[in-house]
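Quick notes on the structure that follows.
The structure is reproduced here in structure tokens:
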């Protein structure tokens, strides 16, 4: 019997950091998961914890670091943590920090109507955006960094400019070709930075995220699509073209089917050109997954972003 | 043995209606649930379906009506449906239509960088907002209307201007008083319109929603809070004061606890005034629920908005 | 403006009580939610907490009572808690305790093969059953008790002995009649006990639950069904007939549709009589809800067990 | 720009197969996801679907095969499907079939009380077990098979025989050592079969599952645990020792913390030896993951079974 790859740590530490700039407050709202690996044979074989920093300690470290170093960005925060675990604990050879970030926007209160309690513009009130969840994963082995950022649960739709035809037909094929369909998906994306070394200049993580997200959305909107694969590839290549800090992008795109409803039994035409009625289906769904790579780069983002 | 209240219908019909105004498209994205009641003793006692319009038919009706009448607003659509079932089916005496609405915003593609495919501003591309879910419930008995609208899953936070002290202390009380805490909640709200009759002028449902939501958020932001109950009451009374079409509001507000982390063991101060680090807890949570009513009005929104 | 019904407390206290009987251990695993009402105007109007026992205290009380009194049954535990809050706190006039219970079964280790570590039968190892969740709600106003118990998420299926035909057909009806279909549902049930007074003999809560559940399942299995409503009524009336401690039952039964798949395009017959292939659909679904009452009793279980 | 790994297909086909053996019925209830790869460059680059078998066709195939071949086991069914796609479609070089299986048990109706409708023992009525979900993944590239089976969401607990002490203490360590704690986890496990070739004798998939599950549970129950890692390793090695058809096992085990509640402020002792009261926490949680391998075998199960 051999022990294979193993890792441990505290998952889903929900840390919220408020920064006060006078009356103006700022939020960072993260869900931080720590996974450590190294000389861990004994704890598996005999139960000796002599090399084990408790998962409870990794939790404490997350909260303490949020105070000591602040949270400039999820990526920067993960880098602090990963470096700490690998450099301070001899048995730990690798640290992987995964972070989900929830974004908040200010509640605007400046219009005249709202002032009847006498408040001026409020600077400490927020509503959670609830659109995508931003994610990042930082891995450090004492020498090299790997940073893979991304997002999940960003639901997008094109109500036209999507076709699907010219496909293989076998004995189990009944699908009708479509020349004007809805294309909708719930984007899960991960992109890998080519920053790997403390000697390199670090990307501007916040700006990079905004730009990658923008290019991805624009490519989705602007692609006249003959297949979801084509749209995916455009989304990925747009990022690689515009963002030199990114070498690899992977997507997992469920095809959120919107089926044109057959209303003929009720004497109604339901043509897309007139503005149609669709049934938004749950399951099953097409699932399209692919990696887009910069020329000459090696793929490192794991293939599976889902268990289904 | 007696049969008590009973109702039946098709739940969660996921209907999406695209409206095309030239190249500019609009979306209405609803989840519609139908519940019908009336002369339904026999189907329970003997299984005779002679009075039963199939739930499948109620589903078909939802999709057909979306085409025939369009979806001006969730409320208006529910009114069409409820009226249809009660007036067209003699055994059906009451119809209740519940609708969830998911909102979408346009993907902005107008900035110069994004045009490399040659696209002009795209008018058919959307991203789902993902913040609150808007809800409505229309009930019709052939004579009177009851419209209760609302929202759920709107997460809000004040990072200051909240205190909690001066409470009862019994032998099980260990809580420390707080003079500057985070107040966060996930708003579930329902408000009842005083429109009940086809003779009355109908409210402008879309505008009403925007305004109710705005007043609610402003009240949350602007209230210096000594208890979540006080904030709730301010949110409700602000709506009643400003929106004459609403007679009753009910809230279910979980207190999403953000606990100040004790960092003293690590030699760190964690004071709110300096911008602090919090642990965002899941369970248990305080749950504050109450109704605010216009003077002289009777409460009709059911007390329980949760099963917990 | 008037304050209407209001209630507050700590929801979802996850309390686990281990009882040791020598080497044999027993588990009670509950999720307890407390809701208190009474003289609570001031906390809403001015934020004064002078009448407010903190929700944190209600949490502490749950855990302390689990130790002081043990957890004989969810119902008995809820009765202890409700009585305490109403009798010990003058401003509190009513307490409602809701409890979810998760059941565990022992891991059987007695077969010969498993003993290689030298263990005898292990008496402290459990696997969570994961079938239905048992629920109860205890309400006390200082005088009268109301106990409503039930279950949720119990998924059942009859693979035959279900028909559906003879229903109303209007212009939106396309459904084909069915003479041998699958009937499946996810049972949510609540039943109200006629125990209301400390002077009455209390039901045996654990035995009552087992018996009610058994009668419900037997009625589901043994009813040749012409409609889900008929099956529902049989399930309810079987309980009322056999269990004199229960006066009222309410069900919310989604019709978990299993559609016969059309395999004719592939040259395959798919007849139910031969054992057929079905597509298990998610949404939409029929939703059938009704109350069954003992003669002469008044309905008190709220109509809505779902928000959809 | 290069296209990297890519795959597509229909996910979550919810297929239910009833087999009738006279009045006795049997259920197979699966959730089948298809992922195909091969010569798929063009659909990504230009949107040409000339090599694309539609995901809709893969769905139809799942349902047709359930009728044509039946579902002897999830593994056998996946093997049929994977072979079909790779051998019948020239551009498809690899097929991966993932299946979740939900198990059902019969509703026992044989006791005397239940017969009042006159039913004999009912043989077509079932209740969904709801404990673990069984999973499998079959991958075929036209030559070699890889079968990885497993389960998820099996929640287990030892109420004693677990300790945790002797760990590393750094400046962020505050955890107290524990000599008698609850050990609970929600098992996610995957095990890889050494059957890879049509020439080899195929394992008995159903029996293998029962036995692997049993050994895993026994190891959990019978291990006196000094760390969750030790328990994990025992669970894995017990499988490797007893089941020659399995070469590799991987676990992802969240440590479902049950914290002893401090009841001293209320004058109560809460010692484990007396049967104690615990708070079942949600987040954060320790997460322990590792692979156990047969000597001389190579690890092939992906490291990450979760995104957190």
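Residue numbers (this note's numbering), protein chains in the order written: chain A, -16 to 291; chain B, -16 to 291; chain C, -16 to 291; chain D, -16 to 291.
Backbone N, C-alpha and C define an ideal beta-carbon position, used for all residues, glycine too.
Note that the structure is a prediction, hence the values are computed from the model and not measured.
Residue i, enclosing beta strand (DSSP E) - first and last residue
i, result
"residue 90 of chain A", "Taken as a continuous stretch (DSSP letters only), residue 90 of chain A belongs to no beta strand (DSSP E), as it is neither H nor E."
"residue 270 of chain B", "268 to 276"
"residue 147 of chain C", "No beta strand (DSSP E) holds residue 147 of chain C; DSSP gives it neither H nor E."
"residue 121 of chain A", "116 to 123"
"residue 263 of chain D", "260 to 263"
Backbone CA spacing between residue i and residue j [nearest angstrom]
i, j, result
"residue 39 of chain C", "residue -2 of chain A", "21 Å"
"residue 85 of chain D", "residue 8 of chain D", "16 Å"
"residue 66 of chain D", "residue 212 of chain D", "38 Å"
"residue 106 of chain B", "residue 206 of chain A", "13 Å"
"residue 237 of chain A", "residue 271 of chain A", "6 Å"
"residue 44 of chain C", "residue 129 of chain C", "21 Å"
"residue 199 of chain B", "residue 246 of chain A", "41 Å"
"residue 261 of chain A", "residue 27 of chain D", "27 Å"
"residue 52 of chain C", "residue 251 of chain D", "11 Å"
"residue 254 of chain C", "residue 6 of chain D", "16 Å"
"residue 290 of chain C", "residue 224 of chain A", "47 Å"
"residue 75 of chain C", "residue -8 of chain C", "11 Å"
"residue 181 of chain D", "residue 153 of chain C", "56 Å"
"residue 113 of chain A", "residue 87 of chain A", "8 Å"
"residue 176 of chain A", "residue -11 of chain A", "25 Å"
"residue 157 of chain C", "residue 248 of chain A", "8 Å"
"residue 278 of chain C", "residue 244 of chain A", "46 Å"
Cβ-based burial, residue i [other Cβ within 10 Å; buried from 16]
i, result
"residue 133 of chain D", "buried"
"residue 71 of chain A", "exposed"
"residue 29 of chain B", "exposed"
"residue 127 of chain C", "exposed"
"residue 148 of chain A", "exposed"
"residue 342 of chain A", "With chain A represented from -16 up to 291, any question about residue 342 of chain A goes unanswered, as that position is not in the structure."
"residue 183 of chain C", "exposed"
"residue 162 of chain B", "exposed"
"residue -16 of chain A", "exposed"
"residue 187 of chain D", "exposed"
"residue 227 of chain D", "exposed"
"residue 115 of chain A", "buried"
"residue 109 of chain A", "buried"
"residue 48 of chain A", "buried"
"residue -4 of chain C", "buried"
"residue 42 of chain A", "buried"
"residue 96 of chain B", "The predicted model places residue 96 of chain B with a pLDDT of 49, which falls under 50 and marks its position as unreliable, so this point remains unresolved."
"residue 240 of chain C", "buried"
"residue 298 of chain D", "Missing from the structure shown is residue 298 of chain D; chain D here goes from -16 to 291 and no further."
"residue 230 of chain A", "buried"
Beta-ladder partner(s) of residue i, from DSSP
i, result
"residue 314 of chain C", "With chain C represented from -16 up to 291, any question about residue 314 of chain C goes unanswered, as that position is not in the structure."
"residue -14 of chain B", "C/275"
"residue 237 of chain A", "A/270"
"residue 166 of chain B", "B/141"
"residue 77 of chain A", "A/20"
Span of the alpha helix (DSSP H) around residue i
i, result
"residue 24 of chain A", "24 to 28"
"residue 204 of chain D", "188 to 205"
"residue 220 of chain C", "211 to 225"
Residue-chain proximity (residue i, chain E), Cβ-Cβ < 7 Å
i, result
"residue 48 of chain D", "The structure shown contains no chain E; the protein chains it does contain are A, B, C and D."
(request) Could you tell me whether the stretch 74 to 81 of chain B touches the stretch 11 to 19 of chain B, using the rule of 3 or more Cβ pairs below 8 Å? (result) yes
(request) Please determine if the stretch 54 to 65 of chain B and the stretch 112 to 121 of chain B are in contact, where contact requires at least 3 C-beta pairs separated by less than 8 Å. (result) yes
(request) Check whether the stretch 157 to 177 of chain C touches the stretch 137 to 144 of chain C, counting contact only when three or more Cβ pairs, one atom from each stretch, lie closer than 8 Å. (result) yes
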